[in-house]
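The opening position of the sequence shown corresponds to residue 155 in this note's numbering, with each subsequent residue numbered one higher.
Beta carbons are placed, not taken as given, at the ideal position from N, Cα and C, and that holds for glycine.
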Amino acid sequence: MDILHAIGNTSMVRLRKVVPPGCAGVFAKLEWENPTGSMKDRMAEAVISRAEEDGRLKPGDTVIEYTGGSTGASLALVCAAKSYSIQIVTSDAFSQEKRDQMAALGAKLTLVASEGGRTTRKLILDMIEAARRLSQEPNTCWTDQLNNLDSITGYYPLGEEIWNQTKGEVDAFVHSVGTAASLRGVATVL
């Protein structure tokens, strides 16, 4: 089986002890079942596939992205499965574990030094600028997660899964938010 076929269609379980009986049905989607343990695998597969479809990404190209972790690991997994090189701009401000995971999945890392290990506005802007410069090289495709609408559509299937697994009985959706692509994608469907 191709590892990309393991993305999505994650289990949903009912949490029976978080509210009093008869009060509400609360369910949790087990997104750790995705290959890297993250829902970001959904977005990464969608972003890479769409770039292939519209010609921005061609065989032999290198994918460029800036990230602190989960997006990078997910993109590295998808790129490895599709035989693309990937260069990720990251920083010492992010966990060594995430940097190790990205590297283990085949990513070449470019580190941007932080000020005292802190994530600051300047650091993020420096990372974006480093990715922009790398993307000027020939045979590159910058996925640019914060400005790429394909990252939102990558989460439509998650919304569809939630709708189908609950038989359309959704009154509320609770979700932690980073870049908000997942929230926007799921909310569009629900």
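Coarse secondary structure for residue i, derived from DSSP in three states
| i | result |
| --- | --- |
| Tyr309 | coil |
| Lys252 | helix |
| Ala198 | helix |
| Val331 | coil |
| Val324 | coil |
| Arg287 | helix |
| Met281 | helix |
| Leu231 | helix |
| Arg359 | Because the chain here runs from 155 to 344, residue 359 falls outside it and cannot be looked at. |
| Asn163 | coil |
| Gly226 | helix |
| Leu300 | helix |
| Gly339 | helix |
| Leu158 | helix |
Beta bridge counterpart(s) of residue i as assigned by DSSP
| i | result |
| --- | --- |
| Tyr220 | Val243 |
| Leu265 | Thr244 |
| Cys295 | Val217 |
| Arg168 | Phe181 |
| Arg272 | Glu269 |
Proximity winner among the options, relative to residue i (alpha-carbon distances)
| i | options | result |
| --- | --- | --- |
| Val331 | Ala341, Val324, Pro311 and Gly322 | Ala341 |
| Leu300 | Val173, Ala198 and Ile240 | Ala198 |
| Thr221 | Ala326, Pro292 and Glu283 | Glu283 |
| Glu269 | Leu288, Arg286, Lys252 and Phe248 | Phe248 |
| Gln255 | Leu265, Asp325 and Gly223 | Gly223 |
| Ala205 | Asp298, Gly179 and Thr190 | Asp298 |
| Ala160 | Pro174, Lys183, Gly191 and Gln290 | Gly191 |
| Lys212 | Pro292, Arg168, Asp156 and Lys183 | Pro292 |
| Leu263 | Met281, Gly271 and Thr273 | Met281 |
| Ala334 | Ser305, Thr273, Ser203 and Gly322 | Ser305 |
Proximity test, Cβ basis, 7 Å: residue i and chain C
| i | result |
| --- | --- |
| Asn188 | No chain C appears in this structure, which consists of one protein chain only. |
Local Cβ density within 10 Å of residue i, reported as buried at 16 or more and exposed below that
| i | result |
| --- | --- |
| Val217 | buried |
| Phe327 | exposed |
| Cys233 | buried |
| Ala230 | buried |
| Asp195 | buried |
| Arg170 | exposed |
| Gln241 | buried |
| Trp296 | buried |
| Leu277 | buried |
| Ala182 | exposed |
| Ile202 | buried |
Checklist entry - Okay, do the segment 314–329 and the segment 163–183 touch, 3+ Cβ pairs below 8 Å being the bar? => result yes
Item to check | Three or more C-beta pairs below 8 Å linking the segment 233–245 and the segment 258–277 | outcome: Segments in contact, yes.
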